[in-house]
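Residue numbers (the numbering used here), protein chains in the order written: chain A, 358 to 665; chain B, 358 to 665; chain C, 358 to 665; chain D, 358 to 665.
C-beta: ideal position from N, C-alpha, C; glycine also.
Predicted, not measured: the structure shown is a model, and the values here were computed from it.
Working notes, structure below.
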């Protein structure tokens, strides 16, 4: 992956920034943008080699803007993934005191995760939504608010003081970020990979989803995420966003994908890349590449000689 | 449904307010609250008889706050549903001119749905996020912003002028609202009903989801929505939020629910209520109440006499 | 099982006779008949309390005459089963010598199982088919043939000499016999039981059989035998003769049977009785009687209160 | 199919002889043998180019001797099939009278199909089993019995008189015969073909059979026959003898066979050949050769470019 410039949802200090640092090799330039759409466009427009965006969080579920960018825009593929603990701090200027906080800035998603803390600790503070958590930190530094709820690590960046650390109502949250690039061959398989795709069903009923799942299960392909998404058409029409274990270079994945291509109205492949959490499930009998190769050789014999 | 006070996500003029008017019978009092959590709490605390909340939108998919309220809080059940077209207007004060708009307020979700319109029409206007679309209208009336993106119908309420009607980038959006009440027996079946539930799988793999879907399909129960949701535990653990055709009083639904109760780690029933879109699919052979009754009678004969 | 008279496929000395002795309690009278049809009729006509007939053999598969008697005649149920080793002896009169055997009698089914032995040992002997293996022994005793192929143990009965013991080409064969009675409640469950039934599919395709198997698999019911049988209508129309683990008194069996009753064109229950080979497979989660009872109680709560 | 000598289960006048005449091209020599095993051996030993044997009958189901010959002997493949009405005549010498028949010869299988007729019409006649129905006709001609039950058409062959025509208790029976040859490439596909195979399951439970059926159903392959057979090992171990619509040259059949090769312990291919009854079912979406080709091309593009 010789990418040299990664776009992320900025400003500096955001969770996406931290994720980008995890994903970047030495020498990679990191560039913050104001919205997920702008981050994606930077890749499409060759202003960046890849984009770092959140795909799902353990609290909120998948990130609609990212899933939509992967399906409704021009093609992009996932090149890598990383997992980031989501830790929020309450920060103020160096001389701030928590009992003197009257105004507070943060992003609505962050607010949702620290609501109970704020109700208990700062019930009187006026809350103003801002476009990103890190922007809240910038605004505090600029004197516009007394405090902000920001990603851990953000305080140093803006010369702020941590008034309270790790204030999430439900600690232990994790967000999964992915690195998106223009279409290109997948990185080499590692033996512990993940493949992401979106499948559009021909019919919106339980039977069609059963059929889709059967194509994976019958080839021993384990799913690690499946989510229905509206197809932007109308309520009641869904596609399924899916992560599965394995790599496009694995025979079982290739076989499952071609089966989906036949039975679905459309399939969008979104990349194969090394998996960064957990490890490959044990394969059932018949699911290894060698099993597929042996079956193909057997079939060729039948066609040529009428016997194995 | 003798409920007399409905809580909704206010302020007046919000989409939820319009939905509440659709769901209310004459004489029902409608009371706006500041957050979904407060709306829900009003029901739990007996401050309201029922709550009107959005469940899913044709653009954004399901509403996480509502799904979470249904599963992580004290039990509530869905008593009714309604579908509301989502139409956004750009509004200003009576003397406003669209080419003079410099400041703009709206809720981030609304902003996401009119982004292209705003970029094309008001590229220079400064956008400030507010807590609800209707709150944006209030703020314009109070002179704090030049314009706001609000639900259609909101302008009259606040004495504002419609500068542009139906400005969504993707017209035709619909949101489904539901009426939530404290647990109570379901309304009588109508022959065209829907049942909502959440199923928690014992294992997080394709086979477990296959099993769940099979319990519906084998009884001729059609699904109209299925969504995976994180279980708030950790990434990779999902439950499934499901709508299906039929009523708890129907034998096929009762039979499917008891099967799920046996094979899932948990099942949360969320109500049976009249369906307001589309109509009941034709039932396959063997799925009517009479078929279940005949099978039970047959079994009783076998147990008593050893023959049918 | 207070049956006092068992009919079997005679004459004395047949395999069915040996099986009848295994199945009979002290004091039971055993009566040989000339054909499976006569054995069955004896039960229908109250001439016997039960009939001992072969159901399947490890060499020939199931016994069509028995399966047909169970489905096309008036109802009977299986009350018990037993397994009998199939050992053939070559027998002659007390003064016989194997190298002097010129004529030989046996039943065609027995001949099929000792063909290679006869070709190797008595290539010149003239073989005459007779109606049963034991009848061959009787005919040898009467001086009509030099030798016969008979069930082990038959020689003593007819005052004959064993010229060669256990001459089957494939040793180790076993036949499963069942005890058939007029319809009556099943014997008490023992915890290791078997249930036999025949299911007629509405449609003759793979999907219908998949559906049938799914009804068993989804309730954790293990099948120990499944065989397609022509329905006596025309080629291409099949029913399925099935043995499964469990007893009609078990909730999972009752639930599976009622499901089959709904989705099949017809189901014929043929009895629940103690299993005499192997032991009950471990039940999957959710398949015990207690799980079914808990699910029913849960459902009753939902219907009455709207919550669990 | 340039075969010039067909072996059949004789003697002349048998049903197999009639089937052989249907399957033979002009100039083909037909040779009768004394047992199915000898017929099969004639092909293995190059004494015949192909063998005509019965595979299944609408009354008795499949023919165990044939199914066994196909699986436990050296490989053979099915080259063609034909369907023959099974019509039995009661025959005697030219001067015979039906009310003077005292002795009767026939094969046990034929006797089973005319039992009720004989009980009603000739209750006093002594019945002697013979090795084949046509052999019974020969024996009558030789003066050893008064009458025989033989295939229709057999009387002329042996100079006999038809005493009663079409005497089967259940009229309309049909037997399916197949032409077996040494392994060779399948005849060209015709668009209405059948493929025969035997699948051995890794595990003897419902789940394994479900998996097997799923491999057919998921590719739109319709089954026209499925039968369990003991594996000659022990009771409770089964293989499945299967006929399906389609030809080895069809992509969906090739794909299903390779899948079975992976998930079964063994698969025995027994030939693809033109179907002589009924016609090809409509294929579901995604099951045509073109769909498989399009899916493969799509996959190749993904692997090379990362996008379709």
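{"query": "Just to confirm my understanding: we take residue 483 (chain D), look at its own chain, exclude 5 residues before and 5 after, and list those with CB closer than 6 Å. What are they?", "result": "460"}
{"query": "By the criterion of Cβ-Cβ separation under 7 Å, what are the contact partners of residue 572 (chain B) in chain C?", "result": "575"}
{"query": "Cα-Cα, which of C:471, C:494, C:489, C:545 is closest to residue 416 (chain C)?", "result": "C:471"}
{"query": "Using the Cα positions of residue 372 (chain C) and residue 511 (chain C), report the straight-line distance between them to the nearest angstrom.", "result": "9 Å"}
{"query": "Can you tell me the Cα-Cα spacing of residue 507 (chain B) and residue 389 (chain B), whole angstroms?", "result": "16 Å"}
{"query": "Over what stretch of residues does the alpha helix (DSSP H) that includes residue 473 (chain A) continue unbroken?", "result": "472 to 478"}
{"query": "Using a beta-carbon distance below 8 Å, is residue 626 (chain A) in contact with chain D?", "result": "yes"}
{"query": "Hey, how far is the Cα of residue 639 (chain D) from the Cα of residue 661 (chain D)?", "result": "35 Å"}
{"query": "Can you look up residue 638 (chain B) in the DSSP assignment and give me helix, strand or coil?", "result": "coil"}
{"query": "Excluding the five sequence neighbours on either side, which residues of its own chain have a C-beta within less than 7 Å of the C-beta of residue 550 (chain D), listed in chain order?", "result": "603, 604, 629, 630, 631, 632"}
{"query": "State yes or no: is the beta carbon of residue 371 (chain B) nearer than 8 Å to at least one beta carbon in chain A?", "result": "no"}
{"query": "Quick one: is residue 415 (chain C) near chain D, going by C-beta distance under 8 Å?", "result": "yes"}
{"query": "Quick one: list the residues of chain D neighbouring residue 392 (chain A), beta-carbon separation under 9 Å, in chain order.", "result": "Result: empty, since nearest Cβ-Cβ is about 24 Å, beyond 9 Å."}
{"query": "Contact criterion: CB-CB distance below 8 Å. Does residue 401 (chain D) meet it with respect to chain A?", "result": "no"}
{"query": "How would you label residue 659 (chain B), buried or exposed, when you count the other beta carbons within 10 angstroms and need 16 or more for buried?", "result": "buried"}
{"query": "Output, in chain order, the set of chain B residues within a Cβ distance shorter than 8 Å of residue 486 (chain A).", "result": "465, 486, 487, 488"}
{"query": "What is the rounded straight-line gap between the Cα of residue 524 (chain B) and the Cα of residue 447 (chain B)?", "result": "7 Å"}
{"query": "Within the 8 Å Cβ cut-off, does residue 614 (chain C) reach chain B?", "result": "yes"}
{"query": "Excluding the 5 residues flanking residue 527 (chain B) on each side, which residues of the same chain have their C-beta closer than 8 Å to its C-beta?", "result": "416, 470"}
{"query": "In whole angstroms, what separates the C-alpha of residue 361 (chain A) from that of residue 547 (chain D)?", "result": "58 Å"}
{"query": "If the criterion is Cβ atoms closer than 8 Å, does the pair residue 438 (chain B) and residue 534 (chain B) meet it?", "result": "yes"}
{"query": "Given this structure, state the Cα-to-Cα distance separating residue 324 (chain B) from residue 393 (chain B), to the nearest angstrom.", "result": "Coverage of chain B is limited to positions 358 through 665, which leaves residue 324 (chain B) absent and any answer about it impossible."}
{"query": "Quick one: what's residue 627 (chain A) bridged to in DSSP?", "result": "None; residue 627 (chain A) has no bridge partner."}
{"query": "Just the chain C side, please: which residues come within less than 7 Å of residue 643 (chain B) by C-beta, in chain order?", "result": "619, 620"}
{"query": "Give a yes or no on whether 8 Å exceeds the smallest Cβ distance from residue 367 (chain B) to chain A.", "result": "no"}
{"query": "Out of B:617, B:618, B:556, which one is the CA nearest neighbour of residue 428 (chain B)?", "result": "B:556"}
{"query": "Can you tell me whether DSSP reads residue 550 (chain B) as helix, strand or coil?", "result": "strand"}
{"query": "So which residues on chain B does residue 648 (chain C) lean against when the C-beta distance must stay under 7 Å?", "result": "619"}
{"query": "Confirm, please, whether the CB-CB distance from residue 497 (chain C) to residue 449 (chain C) is below 8 Å.", "result": "yes"}
{"query": "Output the residue ranges of the beta strand (DSSP E) runs that lie fully inside the segment 479 to 515 of chain B and measure 3 residues or longer, sorted by chain position.", "result": "483 to 486, 504 to 508"}
{"query": "Give me whichever residues DSSP pairs with residue 449 (chain C) in a beta bridge.", "result": "C:504, C:518"}
{"query": "Quick one: which unbroken beta strand (DSSP E) runs of 3-plus residues sit fully inside the segment 379 to 467 of chain B? Chain order, please.", "result": "386 to 390, 407 to 414, 434 to 442, 445 to 449, 460 to 463"}
{"query": "Tell me whether residue 384 (chain A) is buried or exposed, calling it buried when 16 or more other Cβ atoms sit within 10 Å of its Cβ.", "result": "exposed"}
{"query": "How would you label residue 391 (chain A), buried or exposed, when you count the other beta carbons within 10 angstroms and need 16 or more for buried?", "result": "exposed"}
{"query": "Could one say the Cβ of residue 661 (chain A) lies closer than 8 Å to chain D's Cβ atoms, at least one of them?", "result": "yes"}
{"query": "Taking the alpha carbon of residue 513 (chain C) as the point to measure from, which residue in C:369, C:365, C:597, C:645 has its own alpha carbon closest?", "result": "C:369"}
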